[in-house]
Structures are given as C-alpha cells and as structure tokens.
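Residue numbers (the numbering used here), protein chains in the order written: chain A, 1 to 249; chain B, 250 to 387. For glycine and all other residues, C-beta sits at the position ideal for the given N, C-alpha and C. All values reported here derive from a predicted model rather than from experimental measurement. To keep things clear, I will list the structure first and then write my remarks on it.
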C-alpha cells in the first residue's frame with residue numbers, strides 16, 4: 001500500500017514520469033494523524049488511484065458513511081463509476097465478523113482494502129490481545145485477497161488511525177502494536193513550509209524500502225486536495241531525498 | 250504477502266530442518282535454543298507430536314491450530330505473527346524480548362520441514378474457527 005500512496009502523493013504534484021507503472025501495492029501502510037489532518041481524504045485519494053488503475057475493486061471500510069465524497073487531486077475520475085465498495089461495520093464485533101468471513105464473500109477479490117477510523121474499533125476492546133487479533137486479521141484478510149487475485153498480484157492494505165495531541169497509555173500500546181504489524185507509516189500533521197502558509201505535512205516512511213519522503217498537502221476552498229513535494233530548504237537536515245517533479249523512483 | 254522473518258531466523262530454521270531430518274539433533278536445538286530459549290525445545294516437541302494442523306477451506310484461506318501442552322488448542326494465523334496463547338500476548342506484545350511463542354515457532358518449523366496435519370473444512374466452518382478467537386461473548 002505504501003507504493004500506491006506514494007504514487008498518489010507524487011502524481012498529485014507536478015507531472016509524473018510514466019515509468020512509475022508498478023502494479024505492486026507495496027507493504028501494508030498505517031496512516032496516522034490528529035483529527036482533521038486529512039487522513040480520510042488521503043485514504044479516499046488512494047482508493048481513487050487504485051480503482052482508476054483497474055486492478056480490481058476497492059473495499060473501503062469505515063464506521064459511518066462519509067458525509068461527502070472527498071475530492072481527489074483534481075482528477076476527472078468519477079467515484080461513482082469506479083469500483084469502490086463501501087461497507088460500514090458499526091461495531092468491533094461486526095468488523096471481526098466481516099474480516100473472518102471475507103473468504104465467503106462472492107465476487108472478485110478487492111485489489112485494495114482500506115479502513116478508516118481504526119481507533120474507534122480499538123477503543124471498544126481495551127485488551128491488547130483483542131487489538132492484536134483485529135490488526136492481524138486485517139493483514140490476514142488482505143493476504144487472502146492477494147491469494148485470490150492470483151500470482152503476481154497483491155491486495156494492498158491501508159489503515160487510518162487517529163492520534164491525539166496527548167496520547168494516553170492505551171494509545172501508546174496500540175501504536176507500538178500497530179508499528180509491529182505495519183512496516184510502512186505515513187504521518188500527517190498540520191504544518192507549513194513558510195510563514196503565512198497553511199496545510200499539512202505528510203511524511204511517508206516506507207518501512208525500509210526507501211528513504212523517508214515528505215509532501216505538502218493543502219485543500220482548496222472547494223475541497224480539492226493539492227499536493228506538492230515538501231520544499232527542501234538549505235540546511236534542512238530532515239528534507240526528503242530529491243523533490244524533482246519527475247516523481248520518486 | 251508472506252511472513253517476514255529476520256534472515257537469521259530463516260537460516261536457523263532451515264538448518265534445524267536439515268538437522269532434524271538427518272536425525273542429527275545435536276547442533277540444531279542448541280542454536281535455536283540460543284535465540285528462543287526453552288520455547289525451541291518445546292516447539293520441536295510439538296512438531297514431533299504432530300500437534301500442528303493446517304486448516305484450509307475451498308476459498309484457499311488457511312489458518313493453523315496447535316494442540317498445546319495443556320491440551321488447549323491455539324490458533325495461529327498463516328499470514329502474519331499472531332497466536333491466541335497467553336504467552337504471545339504477554340511476552341511478545343508487552344515486552345519485546347521473545348520473538349515468537351512456542352506455537353508460532355512450531356508452525357514455522359513445520360512449514361520448513363513440510364510436515365503437519367491437514368484438515369479441510371467448509372468456508373463457513375473456517376469463518377467460525379476464526380471468529381471463535383474473539384473472546385467469548387456468552
């Protein structure tokens with residue numbers, strides 16, 4: 001999933017080089033950020049990207065129906081015509097049931113599995129073993145879909161978790177647990193590269209498969225998401241590697 | 250999506266498998282024991298006693314069940330590190346010194362050695378097996 005997200009973030013910027021045509025979704029990705037940091041929007045952009053690639057349907061799980069369809073990155077893709085299936089498990093128990101019975105579901109296997117609001121499902125069950133089982137089942141479900149897609153094809157997995165400014169001890173435990181299971185993470189936080197500017201800083205750690213890279217995400221008044229590589233400043237030691245408009249290899 | 254084990258663990262598992270299959274158990278258990286402690290010998294015992302079952306359904310989804318020493322059955326996922334035993338919960342999730350519990354180690358050993366019981370169930374039965382691991386409601 002990290003690769004799909006990277007393509008979203010890279011493509012959202014300037015023109016991208018067409019050689020980025022990897023079918024692989026990459027390792028499971030955890031998307032983290034405080035409330036309002038754009039996780040749902042980014043999740044949805046990844047859904048549009050994957051569905052647009054035509055690799056297979058996308059399954060989007062969230063507790064409540066989205067208030068409005070987040071706008072993508074100025075693409076002309078119509079979400080209604082793409083194969084994005086929404087399901088709304090109202091409780092942790094229902095989410096368990098959905099994941100445990102995923103192999104019974106008819107129809108083609110999804111090429112991407114997305115879950116928004118994991119923190120709400122984890123909050124219901126404070127037991128670490130239950131939390132671990134839920135997280136492990138997410139991976140197991142994606143692995144099963146990968147198997148059904150056939151050789152050379154993978155089902156990506158991307159999960160969004162809301163963090164708080166001040167983490168409670170339960171949150172810290174869950175985060176440690178999640179980092180064990182999700183090799184790739186993307187942190188979203190309100191930040192701006194210069195004074196008087198607004199937006200979010202997206203920091204993608206692909207989990208050992210490449211360098212950390214960062215982008216600047218802003219939302220226009222009509223809700224459209226604009227993405228640009230985080231501008232590197234002279235002497236900024238945390239700048240990502242290369243911010244050419246050709247995209248990351 | 251395969252389970253990703255540290256390279257050193259994979260190597261050791263292969264050496265173990267070779268050693269056990271040649272019935273030369275002198276070198277294998279020692280090196281495993283160094284990494285995993287007493288879980289290693291216990292895991293070997295589980296493999297010996299044919300305690301590991303690979304359960305699969307027509308959908309292709311699979312899960313492992315291990316008959317533990319106390320006659321309790323534990324569920325291990327096939328695609329990532331998870332075991333329903335209390336040792337996994339305690340030592341792997343809370344502390345981080347143990348890499349694997351003995352049941353997961355036994356599962357990986359049986360994969361490398363290609364020896365375990367096989368059981369076919371219906372898709373519905375597999376769902377129930379997976380669901381059962383959710384703490385009992387009733």
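What does the alpha-carbon distance come out to for the pair residue i and residue j?
i	j	result
residue 19 of chain A	residue 338 of chain B	Residue placement at residue 19 of chain A is poorly supported in this model, since its pLDDT is 31, which falls under 50; the coordinates still yield a value, given next. Roughly 44 angstroms separates the two Cα atoms.
residue 317 of chain B	residue 144 of chain A	26 angstroms
residue 382 of chain B	residue 200 of chain A	40 angstroms
residue 294 of chain B	residue 324 of chain B	18 angstroms
residue 328 of chain B	residue 121 of chain A	22 angstroms
residue 355 of chain B	residue 309 of chain B	22 angstroms
residue 44 of chain A	residue 296 of chain B	45 angstroms
residue 109 of chain A	residue 156 of chain A	11 angstroms
residue 261 of chain B	residue 66 of chain A	49 angstroms
residue 23 of chain A	residue 204 of chain A	Only weak support is given to the placement of residue 23 of chain A: the predicted model assigns it a pLDDT of 44, under 50, and the value that follows is read from those uncertain coordinates. Distance between the alpha carbons of residue 23 of chain A and residue 204 of chain A is about 19 angstroms.
residue 228 of chain A	residue 159 of chain A	23 angstroms
residue 31 of chain A	residue 368 of chain B	37 angstroms
residue 192 of chain A	residue 230 of chain A	9 angstroms
residue 226 of chain A	residue 198 of chain A	12 angstroms
residue 364 of chain B	residue 290 of chain B	17 angstroms
residue 194 of chain A	residue 232 of chain A	11 angstroms
residue 163 of chain A	residue 119 of chain A	8 angstroms
residue 304 of chain B	residue 322 of chain B	13 angstroms
residue 149 of chain A	residue 196 of chain A	48 angstroms
residue 129 of chain A	residue 29 of chain A	21 angstroms
residue 116 of chain A	residue 41 of chain A	10 angstroms
residue 107 of chain A	residue 63 of chain A	23 angstroms
residue 171 of chain A	residue 52 of chain A	35 angstroms
residue 127 of chain A	residue 320 of chain B	24 angstroms
residue 298 of chain B	residue 202 of chain A	51 angstroms
residue 224 of chain A	residue 292 of chain B	55 angstroms
residue 134 of chain A	residue 217 of chain A	30 angstroms
residue 372 of chain B	residue 302 of chain B	17 angstroms
residue 173 of chain A	residue 54 of chain A	38 angstroms
residue 263 of chain B	residue 334 of chain B	25 angstroms
residue 366 of chain B	residue 124 of chain A	36 angstroms
residue 179 of chain A	residue 165 of chain A	18 angstroms
residue 274 of chain B	residue 208 of chain A	Low confidence applies to residue 274 of chain B: its pLDDT is 48, below 50, so where it sits in the model is not reliable enough to give any reading.
residue 187 of chain A	residue 5 of chain A	12 angstroms
List the whole-angstrom C-beta distance separating residue i from residue j, where the pair is believed to meet the contact cut-off of C-beta under 8 angstroms.
i	j	result
residue 184 of chain A	residue 211 of chain A	About 13 angstroms separates the two Cβ atoms, so there is no contact after all.
residue 83 of chain A	residue 58 of chain A	6 angstroms
residue 351 of chain B	residue 288 of chain B	4 angstroms
residue 361 of chain B	residue 306 of chain B	That pair is no contact at about 24 angstroms.
residue 175 of chain A	residue 132 of chain A	In fact, because the Cβ distance is near 13 angstroms, the residues do not count as touching under 8 angstroms.
residue 33 of chain A	residue 189 of chain A	6 angstroms
residue 326 of chain B	residue 136 of chain A	5 angstroms
residue 60 of chain A	residue 114 of chain A	5 angstroms
residue 56 of chain A	residue 111 of chain A	3 angstroms
residue 332 of chain B	residue 353 of chain B	5 angstroms
residue 96 of chain A	residue 380 of chain B	7 angstroms
Listing by chain order, which chain C residues have their CB less than 8 angstroms from the CB of residue i?
i	result
residue 329 of chain B	Considering every chain present, this structure includes no chain C. Its protein chains are A and B.
Give me the DSSP bridge partner(s) of residue i.
i	result
residue 324 of chain B	B:314
residue 302 of chain B	B:314, B:366
residue 185 of chain A	A:30, A:205
residue 268 of chain A	It is not possible to answer for residue 268 of chain A, since the shown part of chain A is limited to 1 through 249.
residue 229 of chain A	A:215
residue 356 of chain B	According to DSSP, residue 356 of chain B bridges with nothing at all.
residue 332 of chain B	B:325
residue 374 of chain B	Paired residues: none, contrary to the question.
residue 381 of chain B	According to DSSP, residue 381 of chain B bridges with nothing at all.
residue 190 of chain A	A:200
residue 105 of chain A	DSSP lists no partner for residue 105 of chain A.
residue 115 of chain A	A:61, A:159
Should residue i be labelled buried (16 or more other beta-carbon atoms within 10 Å of its own) or exposed?
i	result
residue 214 of chain A	buried
residue 49 of chain A	buried
residue 314 of chain B	buried
residue 377 of chain B	exposed
residue 374 of chain B	exposed
residue 46 of chain A	buried
residue 311 of chain B	buried
residue 152 of chain A	exposed
residue 272 of chain B	A caution first: residue 272 of chain B carries a pLDDT of 48, below 50, which makes its placement in the model too unreliable to give a value.
residue 222 of chain A	exposed
residue 21 of chain A	Unreliable positioning characterises residue 21 of chain A in this predicted model, as indicated by a pLDDT of 37, which lies under 50. A coordinate reading is not provided.
Next item on the list: State whether the segment 88 to 102 of chain A contacts the segment 37 to 44 of chain A, with contact taken as three or more CB pairs (one from each stretch) at a distance under 8 angstroms.
Entry: no
Check: Do the segment 125 to 145 of chain A and the segment 94 to 110 of chain A touch if we need at least three Cβ pairs shorter than 8 angstroms?
Finding: yes
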